[in-house]
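Student: For the sequence shown, the working numbering begins at -9 and goes up steadily by one. Using N, Cα and C, we set each Cβ at its ideal position, and we do this for glycine too. These numbers were taken from a predicted model, which means no experiment stands behind them. One structure, as structure tokens, below. Some questions next.
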Amino acid sequence: MIERTINVIKAAEMISCSRAHAYRLLEAGEIEGYYTGNRRGLRVIEKSVVEFIARRKEEAGVGI
């Protein structure tokens, strides 16, 4: 199965953070992504962003 990917800007919008913070989350392994070459650059796995948001809501005690 092919996983849906998004760019870093879209990931940052979904998380409601800056693009720089999204890169830090990638470096820390909080969300998953990979490089696809020069033209498309870094792609973020959308499912990892959704799971990250769910984890943060759970940690904060907010119902999903």
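Count the other CB atoms, across all protein chains shown, that sit within 10 Å of the CB of residue 21; report buried if there are 16 or more and exposed otherwise.
Tutor: It is buried - the Cβ of residue 21 has at least 16 other Cβ atoms within 10 Å.
Student: When the cut-off is 8 Å and only beta carbons count, does residue 40 lie next to chain D?
Tutor: The displayed structure is made up of one protein chain only, and chain D is not part of it.
Student: Between the C-alpha atoms of residue 18 and residue 24, what's the straight-line distance to the nearest angstrom?
Tutor: When rounded, the distance between both Cα atoms is 13 Å.
Student: Does the beta-carbon of residue 6 have 16 or more other beta-carbons within 10 angstroms, so that it is buried, or is it exposed?
Tutor: Result: exposed.
Student: Nearest-angstrom Cα distance between residue 48 and residue 27?
Tutor: Roughly 35 Å separates the two Cα atoms.
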